[in-house]
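Engineer: Mind looking over this structure? Questions follow.
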Amino acid sequence: MSILVKDVVKRFGNHLALNQVSLEVPSGALVALLGPSGSGKTTLLRIIAGLETADEGSVHLHEEDAGDLDVRDRNIGFVFQHYALFRHMNVADNIGFALKMRGRPKKEISDRVNELLRLIQLDDVGSRLPSQLSGGQRQRVALARALAARPRVLLLDEPFGALDAKVRKELRDWLRRLHSEIHVTSVFVTHDQEEALELADRIVVMSQGRIEQVGTPDEVYHHPANAFVMKFLGQVNLFHGRVEDGEVVLGANDKDAVVGYVRPHQFDITRHPIGKPSWPARVVYVNAAGVQVRIELRLTDDDRSLEVIVSQDAFRELALKTGEAVFVRPKEMKVFRDDVADYAI
Amino acid sequence: MAGQKRRALPGFGLSLGYSLFYLSVLVLIPLAGCFIKASNLSWEQFWHAVSDPVAVAAYQLSFSTSIIAALLNSFTGLIVAWVLVRYDFPGKKLLDALIDLPLALPTAVAGITFANLYGSEGWFGQHLMFLDPDGFVGHWFSEDGWFGSTLFTLDTRARGGPLAIVVVLMFVGIPFVIRSVQPVLAEFEIAQEEAAVSLGASRWQTFRYVILPALLPAWLTGLALAYARGLGEYGSVIFVADGIPGKTLIPPVLIIAKLEEFDHARGAFKYEEAAAIASVVLTMSFITLVLINLLERWSKKFEPSEA
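Chains as they are written, first to last, in the numbering used here: chain A, 161 to 505; chain B, 1401 to 1707.
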């Protein structure tokens, strides 16, 4: 086990930032800490790094209690959201910083710097200043700098947060390839579920200082442990209702009420009712630009909006137009009561 | 015009014209007058006036005390700025306000206070008698002392000597280093320090390699301003220095003395000689300020445009 976090509690004044958090990260894993802002994900990352100290609980790095270890002795690499490159040093000096601080010989430093510049595919920028680089390049330099002293653990705080969408995508793919090459145990913080799903091999979903679920991208997406995870990982449509004979009856709002969650792509839209449940609805809005077609429906029974996504093929077959009456049927619905997962229908 | 940029606010011609006029009336013309007046002297007369040992000693005194005071201020100022930016403590606002006091206070007030404090009866002065020529430290550096007789003599007196001048120049120079460094330190990205520490830097290494280079331009600016302020100081120095020609006389006092001196041979006051000395001080001040500016520009080489 590369990182072992046990019962960590962290308070900032009256605010409980981390509430009894425990986490295991196996060696070589690429783990995402995913959650909305204020969920404690960055605090957890900073506690692992040693940039914050836990009020209670312990952190072990490679079977060694890191509680008494100063940041500089933890042998971690940390990548900051806004790069935090040393502005007055050129790229090569930035990357070589960790080795210079360790008093390594000049030759060794320059060899390692060149090796890392090749790794981040920026061979010819060694003598430039960070201010002369683009955002994506700066973040790659920051990553190389963090890797220079061969850390046992790489920690990344919203590494792509400050970049625009296209660069973010490129850098994400690049980081995944890099990780498959160097296999350093990595933990990154993100609030972008797509980023977590695409990059990580394990996702830790956090909310309000707690871990809601830990699992592979497939597990957390298809088998969410609770309503929060369901809602946070992608779009959902909510149905309040009551379960009668394994079927959700809409509209109930009493103490037996449950909430059903259906993702936009888990609907069938038909011209005629087929099977049950199948609800009458009206097409309010259609956006066919993109890989898939986004349709907004309004349920005839209780006047609520539904977001449905269908493939371009299915959309052409249906030939839907705004204002038309249709029937909509959930193919799959996750039902949670009191935020505890019970069953799916 | 081709290639000319359009600006949101026009008026370059007018504002430049105003700036030049303003600088001319208030700075350039009066300073030029100093040189013109001095040029009434023949070259020999001019050289005689400015190379007079008393005048040379006055320049040396002024420049050396100013640079020493500015250097001392640059270290203490950095520490004060650090404390004000990085820590919260009761009375912080008051301390912050106190820093600007030397700017507003008539320096004569400071002069009287310091003259009293460091006088032989003063709170500090009575404990500093060992610095006087007959005290055990002062004697060492005096003409009869070991250091003074073998190397060079040094006026170490707490009262009336160069040390007293350094103390009042430090007083008037306090705000400059602090106010220059403070905003830069306040805006310094904490993540850079955290990055340094995470990369294995010790506290000293973090300061030396990461924080200090970022502060350097502002620090040098503060140093230059404190130094320039020291060169220009008059009010407090005349109270604390005893003004012995060739020893503890600063150029402004010498200039006044020249103005009051009647030249019987020519039947006029020595106005031109005063102007000659003034023009030397002016030129030397200007050269040192240009040098410091160049140093600053060099250190700003790494200023980030945006990062």
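Where is the CB? At the ideal position from N, CA and C, for every residue including glycine.
State the DSSP-derived secondary structure class of Pro-490/A, mapped to helix, strand or coil.
Structural biologist: Numbered from 1 along the first sequence, position 330 holds the residue referred to as residue 490/A. Strand, per DSSP.
Engineer: Have a look at Ala-192/A, Ile-163/A, Asp-215/A and flag the residue whose alpha-carbon is nearest the alpha-carbon of Gly-173/A.
Structural biologist: Counted from its first residue, the first sequence places residue 173/A at position 13. Nearest of Ala-192/A, Ile-163/A, Asp-215/A to Gly-173/A, Cα basis: Asp-215/A.
Engineer: Kindly list, in the order they appear in chain B, the residues whose Cβ is closer than 8 Å to that of Ala-244/A.
Structural biologist: As a first step, residue 244/A is located in the first sequence; it is residue number 84 there, counting from the start. Residues of chain B passing the Cβ test: Glu-1589, Ala-1591, Gln-1592, Glu-1594, Ala-1595.
Engineer: Taking Val-231/A as the query, report the chain B residues whose CB atoms sit under 8 Å from its CB, ordered along the chain.
Structural biologist: To locate residue 231/A, count along the first sequence from 1; it is residue 71. The contacting residues are Glu-1594, Val-1597, Ser-1598.
Engineer: Am I right that Arg-103/A and Thr-460/A are in contact with their C-beta atoms under 8 Å? What's the rounded C-beta distance?
Structural biologist: Limits of chain A in this structure are 161 at one end and 505 at the other, which puts residue 103/A out of reach.
Engineer: Is Arg-402/A closer than 8 Å to Val-486/A when the C-beta atoms are compared?
Structural biologist: The residue given as residue 486/A occupies position 326 in the first sequence. The residue given as residue 402/A occupies position 242 in the first sequence. Their beta carbons are not under 8 Å apart, which means Val-486/A does not touch Arg-402/A by this criterion.
Engineer: What first and last residue would you give for the beta strand (DSSP E) that runs through Tyr-421/A?
Structural biologist: On the first sequence, residue 421/A is found 261 positions in, with the first residue counted as 1. Counting along the chain, the beta strand (DSSP E) containing Tyr-421/A begins and ends at 418–422.
Engineer: When you compare only the Cα positions, how much space is there between Gly-210/A and Met-1529/B?
Structural biologist: Stepping through the first sequence from its first residue, residue 210/A is reached at position 50. Stepping through the second sequence from its first residue, residue 1529/B is reached at position 129. So the two alpha carbons sit approximately 53 Å from each other.
Engineer: Looking at chain A, is there any beta carbon in it that lies within less than 8 Å of the beta carbon of Ser-1636/B?
Structural biologist: Here residue 1636/B refers to the residue found at position 236 when the second sequence is read from its first residue. No, its Cβ sits nowhere closer than 8 Å to a Cβ of chain A.
Engineer: Taking Cβ-Cβ distances shorter than 8 Å, what residues in chain D pair up with Ser-1602/B?
Structural biologist: Given the protein chain composition of this structure (A and B), no chain D is represented.
Engineer: Report the residue from Glu-379/A, Leu-398/A, Ile-371/A whose alpha carbon sits nearest the alpha carbon of Ser-182/A.
Structural biologist: Here residue 182/A refers to the residue found at position 22 of the first sequence. Selected option, being the one with the closest Cα: Ile-371/A.
Engineer: So if DSSP puts Glu-216/A in a beta bridge, which residue, or which two residues, is it bridged to?
Structural biologist: Residue 216/A sits at position 56 when you count from the first residue of the first sequence. Paired residue(s): Val-169/A.
Engineer: Are there three or more Cβ pairs, one per stretch, closer than 8 Å when the segment 1485–1504 of chain B is compared with the segment 1524–1541 of chain B?
Structural biologist: The segment 1485–1504 of chain B, when compared against the segment 1524–1541 of chain B, does not touch it at the 8 Å Cβ threshold.
Engineer: Look at the alpha carbon of Tyr-1518/B and the alpha carbon of Arg-1559/B, and state the distance between them as a whole number of angstroms.
Structural biologist: Within the second sequence, numbered from 1, the residue matching residue 1518/B stands at position 118. Within the second sequence, numbered from 1, the residue matching residue 1559/B stands at position 159. If you take the alpha carbons of Tyr-1518/B and Arg-1559/B, they lie about 6 Å apart.
Engineer: Say yes only if the C-beta of Val-374/A is nearer than 7 Å to one or more non-hydrogen atoms of the ligand MN, and no if none qualify.
Structural biologist: In terms of ligand content, the structure shown is empty, and the ligand MN therefore cannot be addressed.
Engineer: Quick check on Gly-1413/B: buried or exposed, where buried means 16 or more other Cβ atoms within 10 Å of its Cβ?
Structural biologist: Within the second sequence, residue 1413/B is the residue found at index 13, counting from 1. Per the 10 Å Cβ criterion, exposed.
Engineer: Would you call Gln-297/A buried or exposed, if buried means 16 or more other Cβ atoms sit within 10 Å of its Cβ?
Structural biologist: Residue mapping note: residue 297/A aligns to position 137 of the first sequence, counting from 1. With 16 or more Cβ atoms within 10 Å of its Cβ, Gln-297/A is classed as buried.
Engineer: If you run the structure through DSSP and keep just helix, strand and coil, what is Trp-1523/B?
Structural biologist: On the second sequence, residue 1523/B is found 123 positions in, with the first residue counted as 1. DSSP places Trp-1523/B in coil when its eight states are reduced to three.
Engineer: So if I threshold CB-CB distances at 8 Å, which residues from the segment 1563–1583 of chain B count as touching chain A?
Structural biologist: Correct list: empty, as no residue qualifies.
Engineer: When you compare only the Cα positions, how much space is there between Asp-253/A and Leu-245/A?
Structural biologist: Here residue 253/A is taken as the residue at index 93 of the first sequence, counted from 1. Here residue 245/A is taken as the residue at index 85 of the first sequence, counted from 1. When rounded, the distance between both Cα atoms is 10 Å.
Engineer: Nearest to Leu-1694/B by CA position, among Trp-1447/B, Leu-1682/B, Thr-1621/B, Ala-1674/B, is which residue?
Structural biologist: On the second sequence, position 294 is the one that residue 1694/B refers to. The shortest C-alpha separation from Leu-1694/B is found at Thr-1621/B.
Engineer: Would you mind stating whether Glu-318/A and Gln-241/A have Cβ atoms separated by less than 8 Å?
Structural biologist: Residue 318/A sits at position 158 when you count from the first residue of the first sequence. Residue 241/A sits at position 81 when you count from the first residue of the first sequence. Yes.
Engineer: Pick out whichever of Ser-1685/B, Ala-1432/B, Glu-1696/B, Tyr-1671/B has its Cα sitting closest to the Cα of Phe-1446/B.
Structural biologist: Position 46 of the second sequence, counted from the first residue, corresponds to residue 1446/B. When only C-alpha atoms are compared, the closest one is Tyr-1671/B.
Engineer: I'd like to confirm the pairing. Which residues does DSSP put opposite Thr-345/A in its beta bridges?
Structural biologist: Locating residue 345/A in the first sequence gives position 185, counting from the first residue. Answer is Val-313/A.
Engineer: Quick one: give me the first and last residue of the beta strand (DSSP E) that Ala-448/A is part of.
Structural biologist: As a working mapping, residue 448/A is identified with position 288 in the first sequence. Premise fails: Ala-448/A is in no beta strand (DSSP E) and is neither H nor E.
Engineer: Kindly indicate if chain A contains any beta-carbon less than 8 Å away from that of Val-1425/B.
Structural biologist: As a first step, residue 1425/B must be located in the second sequence, where it is residue number 25. Not closer than 8 Å to any Cβ of chain A, the Cβ of Val-1425/B fails to qualify, so no.
Engineer: So the candidates are Val-327/A, Val-349/A, Pro-311/A, Glu-358/A; which of them puts its Cα closest to the Cα of His-343/A?
Structural biologist: Position 183 of the first sequence, counted from the first residue, corresponds to residue 343/A. Taking only the C-alpha atoms, the option nearest His-343/A is Pro-311/A.
Engineer: Extract the residue ranges of the alpha helix (DSSP H) inside the segment 316–380 of chain A, only unbroken runs of 4 or more that lie entirely within it.
Structural biologist: Counting whole runs of 4 or more residues, the segment 316–380 of chain A contains the alpha helix (DSSP H) stretches 325–342, 353–359.
Engineer: Select from Tyr-243/A, Ile-207/A, His-222/A the residue whose C-alpha is nearest the C-alpha of Asp-230/A.
Structural biologist: Sequence index remark: in the first sequence, residue 230/A carries index 70 (1-based). Measuring from the Cα of Asp-230/A, the nearest candidate turns out to be Ile-207/A.
Engineer: Compute the Euclidean distance between the alpha carbons of Pro-186/A and Ile-163/A, then round it to the nearest angstrom.
Structural biologist: Position 26 of the first sequence, counted from the start, is the residue given in the question as residue 186/A. Position 3 of the first sequence, counted from the start, is the residue given in the question as residue 163/A. Distance between the alpha carbons of Pro-186/A and Ile-163/A is about 7 Å.
Engineer: 8 Å is my cut-off, CB to CB: does His-400/A come that close to chain B?
Structural biologist: Position 240 of the first sequence, counted from the start, is the residue given in the question as residue 400/A. For His-400/A, the answer is no, since every Cβ of chain B falls outside 8 Å of its Cβ.
Engineer: Short of 8 Å in beta carbon distance, which residues of its chain neighbour Ile-269/A, apart from the five on each side in sequence? Order them along the chain.
Structural biologist: Position 109 of the first sequence, counted from the first residue, corresponds to residue 269/A. Within the same chain, Ile-269/A has close Cβ partners Gly-256, Leu-259, Lys-260.
Engineer: Helix, strand or coil, according to DSSP, for Asn-274/A in the structure here?
Structural biologist: Reading the first sequence from its first residue, position 114 is the one you call residue 274/A. Asn-274/A falls in the helix class under three-state DSSP.
Engineer: Among Ser-1685/B, Ile-1429/B, Ala-1628/B, Ser-1474/B, whose alpha-carbon lies nearest the alpha-carbon of Trp-1619/B?
Structural biologist: Position 219 of the second sequence holds residue 1619/B. Taking only the C-alpha atoms, the option nearest Trp-1619/B is Ser-1474/B.
Engineer: Let me see if you follow: with CB-CB separation under 8 Å, is Ala-1614/B close to chain A or not?
Structural biologist: Taking the first residue of the second sequence as 1, we reach residue 1614/B at position 214. Yes, Ala-1614/B lies at the interface with chain A (some Cβ there is under 8 Å from its Cβ).
Engineer: Return the CA-CA distance between Tyr-503/A and Arg-497/A, expressed in angstroms with no decimal places.
Structural biologist: The sequence position of residue 503/A within the first sequence is 343, counting from 1. The sequence position of residue 497/A within the first sequence is 337, counting from 1. Interpretation of Tyr-503/A is limited by its pLDDT of 45, a score under 50 that renders its predicted location unreliable; the figure taken from the coordinates is listed afterwards. Rounded to whole angstroms, Tyr-503/A to Arg-497/A spans 10 Å at the Cα level.
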